[in-house]
Amino acid sequence: MNTLKKSTWGKVSAIICVIPMLLSACGAPGASDKTSDDDKGDGGKKAVTISVTDTNRFLQNAEQEYEKTHPDVDIVIKPYREAQELAENQMATAMTQEEFEKYVSTVNTEMMSGKGPDILSMTGLPIGKYAEKDLLANSYDLMKDDSDFKKDHYFQNIWKASENDGKLLALPIDVKLNMMLVNNKLLQQAGVAVNQPWTWDDFVNVTEQVKKKAGDDIYANGNSEPQSYLYQLARENYSQLVDPVKKLAHFDSPLFRKWVEQVESMYKNEILTKESVDIDHALFSDRAILDPTSYIMFDDHETLKSPSVDKNNNHLSFYSTTFGINNNSPVKQEAWSFLKFLISDEMQESPEMNGMPINKTSYNKKFDDLVEQAKNGTVKTKYGDTPTTKTPEELEKFRPLIEEADSNSNTDSKVLQIVLEEIKTYYNGEKSLEEVIHLIQSRAMTYLNE
Numbered sequence: 081m082n083t084l085k086k087s088t089w090g091k092v093s094a095i096i097c098v099i100p101m102l103l104s105a106c107g108a109p110g111a112s113d114k115t116s117d118d119d120k121g122d123g124g125k126k127a128v129t130i131s132v133t134d135t136n137r138f139l140q141n142a143e144q145e146y147e148k149t150h151p152d153v154d155i156v157i158k159p160y161r162e163a164q165e166l167a168e169n170q171m172a173t174a175m176t177q178e179e180f181e182k183y184v185s186t187v188n189t190e191m192m193s194g195k196g197p198d199i200l201s202m203t204g205l206p207i208g209k210y211a212e213k214d215l216l217a218n219s220y221d222l223m224k225d226d227s228d229f230k231k232d233h234y235f236q237n238i239w240k241a242s243e244n245d246g247k248l249l250a251l252p253i254d255v256k257l258n259m260m261l262v263n264n265k266l267l268q269q270a271g272v273a274v275n276q277p278w279t280w281d282d283f284v285n286v287t288e289q290v291k292k293k294a295g296d297d298i299y300a301n302g303n304s305e306p307q308s309y310l311y312q313l314a315r316e317n318y319s320q321l322v323d324p325v326k327k328l329a330h331f332d333s334p335l336f337r338k339w340v341e342q343v344e345s346m347y348k349n350e351i352l353t354k355e356s357v358d359i360d361h362a363l364f365s366d367r368a369i370l371d372p373t374s375y376i377m378f379d380d381h382e383t384l385k386s387p388s389v390d391k392n393n394n395h396l397s398f399y400s401t402t403f404g405i406n407n408n409s410p411v412k413q414e415a416w417s418f419l420k421f422l423i424s425d426e427m428q429e430s431p432e433m434n435g436m437p438i439n440k441t442s443y444n445k446k447f448d449d450l451v452e453q454a455k456n457g458t459v460k461t462k463y464g465d466t467p468t469t470k471t472p473e474e475l476e477k478f479r480p481l482i483e484e485a486d487s488n489s490n491t492d493s494k495v496l497q498i499v500l501e502e503i504k505t506y507y508n509g510e511k512s513l514e515e516v517i518h519l520i521q522s523r524a525m526t527y528l529n530e
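With this note's numbering applied, the sequence shown covers 81 to 530.
Laid out in structure tokens, this is it:
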């Protein structure tokens, strides 16, 4: 039987599929020079402009609900692209790389000239460059000046991991954990176990053991080119490779070199494959935990932290929808009030939110609902009623994971684009490793210090 067949299982095969995934509710161009007229919304209200790549139901609902209790404020959502009419369960068309680069360029031009929207999403944008120019408000200062705001109601480890030189310039409103699924059936068939914490060497060793028992048509993962796999590694460990505050890149470090060589070795030794691999023949698969119900979506798989370089640095990476407030905004307090509403109990419990709540009360309420439903063997998910064999005890061990998240994989997309462009030439045999590492380091340093 040919097991290398078409499948959506595993890592993305084209990097332009990665970037749009991270741009849900991203900031985008659309705001222009601010004048007194621009600050007025419908009926003379104070207008708060929010630039996004594509609008979504969560943000639209937030706009409507917020305006009900703040009649003097007009929330103006300005999408980069027109809303797409989608049928039920239909996915939106992803933003192309060309569109994304144009969006970043336009936002940068607006922000660097002291213009731009009142609120913008920071995913993929050069926060380090904005920080240097003092273009974004520090959310910590806004929290401190707000007597009604309680920081301890939120997962502050997420905010801590999102800081820029001690400042919170991009406020995460949700949390998506970068995890890995392992096929329990294949492990049991081979009599092999994965003991955490684990490393990439363990990842290779476990796969080799399973292949010996289950057959050569088993792979750790598939559906991805080497450069795309390395891109993912760099994205999830971005903070170890780039220091935007000190404007330093570390792509000439032993760590990055090891990853490059390890990825190459895994493809050469058929641990990984470029070909499509179906769910029954993939030992591991990346999994973004977008909601507590994500833990029950594959009952025959176990959810694990991703491997690390060594067992002493077993980080748990995450990414978030993040919003920044323009420091030049004349309605900064109103902008903060709206962002505060996005992380309130009311909005964090919305079924339209694409991510786990950063609000502790809302998170625990959703997890309590999951555990209670699991007792009956069926859980309501966005795909409908989903059967599960997971016990409440098994699910409870996942609850504290969000508090272990300590590595923010929200990145400056330009740096990773440099990695993607250059490393491809090494994997294709066009350039030597020394030459490519030098080019990546040089280009990254030049960009960071522009």
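Ideal Cβ positions, reconstructed from N, Cα and C, are used throughout, including at glycine.
- Around the C-beta of residue 463, fewer than 16 other C-beta atoms lie within 10 Å, and the residue is accordingly described as exposed.
- Here residue 257 carries a strand assignment [DSSP, helix/strand/coil].
- The Cβ atoms of residue 418 and residue 372 do not sit closer than 7 Å to each other.
- Per DSSP, the unbroken beta strand (DSSP E) holding residue 154 starts and ends at 153-159.
- A Cβ-Cβ contact shorter than 7 Å links residue 404 with residue 200.
- By the beta-carbon neighbour count (other beta carbons within 10 angstroms, threshold 16), residue 151 is exposed.
- Restricted to the region 358-404, not a single alpha helix (DSSP H) segment is unbroken, complete and at least 4 residues in length.
- Cβ atoms of residue 319 and residue 487 come within 8 Å of each other, at about 6 Å.
- Between residue 363 and residue 284, the C-beta gap is not smaller than 7 Å, which leaves the two residues out of contact.
- Judged by DSSP secondary structure, residue 200 falls outside any alpha helix (DSSP H) and instead within the beta strand (DSSP E) spanning 199-201.
- Annotation for residue 292: no beta strand (DSSP E) segment contains it, though the alpha helix (DSSP H) segment containing it runs 280-294.
- Comparing alpha-carbon positions, the option among 213, 174 and 286 lying closest to residue 194 turns out to be 213.
- By the C-beta density criterion, residue 197 is buried, having at least 16 other C-beta atoms within 10 angstroms.
- Taking C-beta atoms as the reference points, residue 489 and residue 397 count as a pair closer than 7 Å.
- Put simply, the backbone Cα of residue 347 is about 10 Å away from that of residue 300.
- By the criterion of a C-beta distance shorter than 7 Å, residue 141 is surrounded in its chain by 430 and 432, once the five residues flanking it on both sides are discounted.
- Apart from sequence neighbours up to five positions away, the residues of its chain that approach residue 453 with a beta-carbon distance below 8 Å are 459 and 460, ordered along the chain.
- Short of 6 Å from the beta carbon of residue 208, and not among the five residues preceding or following it, lie these beta carbons of its own chain, in chain order: 324.
- The count of Cβ pairs closer than 8 Å, one atom from the region 325-335 and one from the region 274-284, stays below three, leaving the stretches out of contact.
- Relative to the Cα of residue 215, the nearest Cα in the group 229, 204, 190 and 232 belongs to 190.
- If you draw a straight line from the Cα of residue 492 to the Cα of residue 271, it is about 42 Å long.
- Less than 7 Å divides the Cβ of residue 381 from the Cβ of residue 261.
- Counting C-beta atoms within 10 angstroms of its own C-beta, residue 144 has fewer than 16 neighbours from the protein chains shown and is therefore classed as exposed.
- Look at residue 328 here: in three-state DSSP terms it is strand.
- Of the candidates 246, 241, 406 and 259, the residue whose Cα lies closest to the Cα of residue 252 is 241.
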